[in-house]
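*Asks:*
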Amino acid sequence: MSTPSAETAELLSAATQSAVSIREPLAGQQETSFPIFYGWVILPLAIAMMLATSPGQTFGVSYFNDQFIAEFGLSNTALASTYLVATLLAALSLTSIGSLIDRFGIRRMSIVGFLTMAGACVFASQASGLVTLFISFLLLRMFGPGTMTLLANNTLAAWFDRRLGLVSSIAQVSMAGAWGLVPVAIVGLIDAVGWRGTYLVFAAIMVGGFLPLVALFLRQSPREIGQVPDGLRFHAAKKHKSFSYGNELTLRETTQHRAYWILLISTAVWSLVGTGLVFHLVAVFRARGFTAQDSTVAVSSVALAMAATQIVGGVLADRLAMRWLLVTAMALIGLGCVVLATAADIQSLILGYGTYGCGQGIKSVIAGTAWARYFGRTHLGKIRGTSLTAAVGASAVGPVVMGVSVDYLGGFTPSMWLFAAMAGACAVAGFWATPPMAAQSQA
């Protein structure tokens, strides 16, 4: 990232420029004799970072809603509005957090990230009213889907280049699994130890489980241990053409390209739609005459669809132009909304959520690869920070849009049609999401 602080930290360049795809060894450094490419050790650590976002993800928060409403005497509107404002404020911090990652490096910030996420869970366990619940939402959203997501994606981008699509898809499958398993775990924990105890369990997992692994095994970049991205040897890396487009753009330079804005807006729409659909998932089923138990099948369909398309999308991301994946992802998200808008039976609802899950799976692969490949890795923290700001901010709006649709327009259907139109517009725009140096790289 192009920040004065990063430029002045010259003595720490090996640490601070963690996301730069440099294929040369450090001065005087010998090629490592490490028996395997260390990136395969890094991958599960990045997955741990992604799993650590779960308490702050909408699918992790929504299963506490009934407890919050009962404990604090809140209305659904008050709860949703609190979540909205907290999420919007959390989004504003992410570009600055990206700057800190660029300045201090992935390893240091990962340790801080797990500690702050644990602290957020402890604070949430002590919430005593609307104000403390608001602060809990703010911390969980800022350090979960915000900070930890940035760290996970930047970690993979530092260690992989041509295989970035594949490893991003593998990591994202872990989140598909979280979609299916975390809600079940939350329900079981709440029944066993209460909602406050559940948050303390989350904090213990962060500090006792994830943090020691990261502190012991995470490394800043391949150069730190005498390796290069993808596990190539130095002499082979010099001859090996990067899958990126040769750009190392600052944020200011990045914003001058249409691809940045198409990717940014598509990310915001994806987040807005997805958060709305998940936050109101149980209510959508109840509005059609089905039970909360019925809605768990939809969660499974989303998780399975995400897992399948993330693997396929990861392979395709290493072979096809990114814009074709973007068009496909947004078209599937829009189609899922159309199916949900017209659904009259439980099979159609499950199909609609599953179709959305297919689009979500492909879009998550794009989120893990496109920014680094289009705009480079030197300033990736700040560039990705703007993307996450848009995503987290938009995620606050989705539930409100659907709530207004129910309260004032007679149901969820109008909001579904609006979501479909927004996703469709992004799908069309995706045809023009060519990288800055596309003329040299793609047709």
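If you're matching positions, the sequence shown starts at 36 in this note's numbering and goes up one per residue. For each residue, glycine too, the CB sits at the ideal point set by N, CA and C.
1. Using the Cα positions of alanine 333 and alanine 379, report the straight-line distance between them to the nearest angstrom.
2. Who are the near neighbours of phenylalanine 72 in its chain, counting only those whose CB is closer than 7 Å to its CB and skipping five residues on each side?
3. Beta-carbon within less than 7 Å of isoleucine 381's beta-carbon, same chain only, minus the 5 sequence neighbours each way: which residues are those?
4. Once DSSP output is grouped into helix, strand and coil, what is the label at glutamate 283?
5. Buried or exposed for threonine 184, going by 16 or more other Cβ atoms inside 10 Å?
6. Using a Cβ-Cβ cut-off of 6 Å (strictly less than) and excluding sequence neighbours within five positions of threonine 448, which residues of its own chain qualify?
7. Would a C-beta distance cut-off of 8 Å place phenylalanine 103 and leucine 168 closer than the cut-off?
8. With DSSP collapsed to three states, give me the class of alanine 458.
9. Between which two residues does the alpha helix (DSSP H) holding valine 166 run?
10. Run through DSSP, which three-state label would isoleucine 260 get?
11. Do you know how far the Cα of glycine 416 is from the Cα of asparagine 189?
12. Work out the CA separation of threonine 233 and isoleucine 221 for me, nearest whole Å.
13. Just to check my reading of the structure: proline 218 and phenylalanine 94 have Cβ atoms closer than 8 Å, yes? What is that Cβ distance to the nearest angstrom?
14. I'd like to check one pair, phenylalanine 99 with tryptophan 230: are the Cβ atoms closer than 8 Å?
15. On the DSSP letters alone, give me the boundaries of the alpha helix (DSSP H) that tryptophan 467 sits inside.
16. Is isoleucine 418 near leucine 360, with beta carbons less than 8 Å apart?
17. Below 7 Å CB to CB, which residues in the same chain sit around alanine 153 once its five sequence neighbours on both sides are set aside?
18. Just checking: is the beta-carbon of tryptophan 467 within a distance shorter than 8 Å of some beta-carbon in chain B?
19. Can you give the beta carbon distance from methionine 394 to isoleucine 205, rounded, assuming they're within the 8 Å contact cut?
20. Applying the criterion that 16 or more other CB atoms from any shown protein chain within 10 Å of the CB defines a buried residue, is lysine 276 buried or exposed?
21. Quick one: measure Cβ to Cβ for aspartate 353 and leucine 191, integer angstroms, because I've assumed they're closer than 8 Å.
22. Apply the 10 Å Cβ neighbour rule to arginine 258 and answer buried if 16 or more other Cβ atoms are within range, or exposed otherwise.
23. By Cβ distance, which residues of its chain are closer than 6 Å to leucine 235, with the 5 residues on each side in sequence left out?
24. Measure from the alpha carbon of alanine 405 to the alpha carbon of each residue in Leu109, Met357, Met85, then state which is nearest.
25. Considering just the uninterrupted stretch of the alpha helix (DSSP H) at leucine 299, what are its terminal residues?
26. Just to confirm my understanding: we take methionine 177, look at its own chain, exclude 5 residues before and 5 after, and list those with CB closer than 7 Å. What are they?
27. Indicate the three-state DSSP secondary structure (helix, strand or coil) for tyrosine 73 in the structure shown.
*Replies:* Let's see:
1. 15 Å
2. Gln262, Gly266
3. Phe325, Asp329
4. coil
5. buried
6. Ala376
7. yes
8. helix
9. 165 to 176
10. helix
11. 7 Å
12. 7 Å
13. 6 Å
14. yes
15. Taken as a continuous stretch (DSSP letters only), tryptophan 467 belongs to no alpha helix (DSSP H), as it is neither H nor E.
16. no
17. Ala238, Met241, Val242
18. Going by chain labels, chain B is absent from the structure shown, which holds only one protein chain.
19. Residue 394 is actually glycine in this sequence, not methionine. Contact doesn't hold; Cβ gap of about 19 Å is too wide.
20. With a pLDDT of 49 at lysine 276, under the threshold of 50, the modelled position of that residue is not reliable, and the figure given next carries that caveat. Under this definition lysine 276 is an exposed residue.
21. At roughly 13 Å, the Cβ-Cβ gap does not stay under 8 Å, so aspartate 353 and leucine 191 are not in contact.
22. buried
23. Ser160
24. Met357
25. 293 to 314
26. Ala125, Ser128
27. coil
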